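Engineer: Quick note on the working numbering: the sequence shown kicks off at 15 and runs consecutively.
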Amino acid sequence: MITLETKKGTRIEVIDLCNFLLDGGTMFGRIPKVMWEKWFPSDRRNRILMATNIIRIFHNDGKVYQVDAGLGSLYTDKERDILGIGESKPERKSVDDLILTHLHFDHCGGISDLNVRRKVVVSKKEWEDAREVTVLTKGSYRKKDLELIEKKLKLVEPPIEIAPGIEIIPTPGHTRGHTSVLVDDEVFFAGDLIPTYAHVHLPCIMAYDLYPLEVLEVKQDILKRARAKGWKVIFEHDPYEPVKEAGDLDIEKLKKHRLSAVQGYQYN
15 MITLETKKGT RIEVIDLCNF LLDGGTMFGR IPKVMWEKWF PSDRRNRILM ATNIIRIFHN
75 DGKVYQVDAG LGSLYTDKER DILGIGESKP ERKSVDDLIL THLHFDHCGG ISDLNVRRKV
135 VVSKKEWEDA REVTVLTKGS YRKKDLELIE KKLKLVEPPI EIAPGIEIIP TPGHTRGHTS
195 VLVDDEVFFA GDLIPTYAHV HLPCIMAYDL YPLEVLEVKQ DILKRARAKG WKVIFEHDPY
255 EPVKEAGDLD IEKLKKHRLS AVQGYQYN
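1) In terms of residue numbering, what span does the alpha helix (DSSP H) encompassing Glu-181 cover?
2) Terminal residues of the continuous beta strand (DSSP E) containing Lys-246?
3) With a 10 Å radius around its C-beta and 16 neighbouring C-beta atoms as the bar for buried, classify Val-28 as buried or exposed.
4) Would you kindly check if the distance between the Cβ of Ile-16 and the Cβ of Val-247 is under 8 Å?
5) In whole angstroms, what separates the C-alpha of Leu-128 from that of Thr-20?
6) Would you decide whether Leu-237 is buried or exposed? Buried here means 16 or more other CB atoms lie within 10 Å of its CB.
7) Do Ile-180 and Val-134 count as a contact pair if the criterion is CB distance below 8 Å?
8) Only counting the same chain, and skipping five residues up and downstream in sequence, which positions put a Cβ closer than 7 Å to that of Asn-74?
9) Between which two residues does the alpha helix (DSSP H) carrying Ile-219 extend?
10) Assuming Asn-67 contacts Asp-30 under a Cβ cut-off of 8 Å, what Cβ separation, rounded to an integer in Å, is found between them?
11) Going by C-alpha to C-alpha distance, which of Ile-45, Thr-40, Asp-82 and Leu-88 sits closest to Phe-249?
12) Does DSSP put Asp-204 in a helix, in a strand, or in coil?
13) Between which residues of its own chain and Ser-56 is the CB-CB distance below 6 Å, once the five residues before and five after are set aside?
14) Leaving aside the five residues before and after Arg-132 along the sequence, list all residues of the same chain whose C-beta is less than 6 Å from its C-beta, in chain order.
15) On the DSSP bridge list, what partners appear for Tyr-79?
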């Protein structure tokens, strides 16, 4: 766990709920393996290690806000093998509100292990698309997750501030209704807009991204704002470097520091 504190005194915990494995080529799209394997070592099935980093925001209003919920524990043996998910013993935590960047299973599946006291906050566009899947998206959304979410669902149309200093920002591209979260104009939780530190390299766009050119445009804008305002950026799927300072958000810093960060992580 990594603990951050904003200048306004808001405490933020960055927690990796569970690691899993995804195909490296899919995560890096048109980037060749000879490049991306320097940043993410792969196993013999071409899979790379992924984190499910979420944040808990301890607000000065006394409420606890969580952003995303990780994979959760409701998977078949076949799914566990494909995704490299180990056995887990979920601990049922309580939070006041849960904010979901989007509704893919690796971001909202953990709602089954979470006690949400008030609302589950989702963008209206994302909810619409999760309910009307296509041949491209049906593998990413699970009915059992949506049924749990719907019980406490609050639909919003970003940009919107859901509590003082907690802003939900529209960052479409990965999905039409994808969002990110900015805390006190200091800490930016990127979701799948920039899933890992390696994805600050602009051409690193996932095959999972439904609107890749929009991802490129939005990512350029967000990184420009982050550097200008000195934001810390949290990468939801990076197991090695989940948080980076504004000054590290460029490809040259990535090339300089990444090899030492992943050294020793090799898979069979």
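Positions of the beta carbon are idealized from the N, C-alpha and C atoms, including for glycine. Remember, it's a predicted structure, so these values are computed and weren't measured experimentally.
Structural biologist: Quick look at the numbers:
1) No alpha helix (DSSP H) holds Glu-181; the beta strand (DSSP E) holding it covers 180 to 184.
2) In this chain, the beta strand (DSSP E) harbouring Lys-246 covers 246 to 248.
3) Buried is the call here.
4) With respect to Ile-16, Val-247 sits apart: the two C-beta atoms are not nearer than 8 Å.
5) Taking the Cα positions, Leu-128 is about 26 Å away from Thr-20.
6) Result: buried.
7) Going by beta carbons, Val-134 and Ile-180 fall outside the 8 Å limit.
8) Around Asn-74: Gly-23 and Thr-24.
9) Where Ile-219 is concerned, there is no enclosing alpha helix (DSSP H), given that its DSSP letter is neither H nor E.
10) That pair is a contact at about 5 Å.
11) Minimum Cα distance to Phe-249 is reached at Asp-82.
12) Here residue 204 is Ala; the residue named in the question, Asp, does not match the sequence. Here Ala-204 sits in coil by DSSP.
13) Correct list, in chain order: Gly-38 and Ile-62.
14) Correct list, in chain order: Asp-110 and Asp-111.
15) Paired residue(s): Ile-71 and Asp-111.
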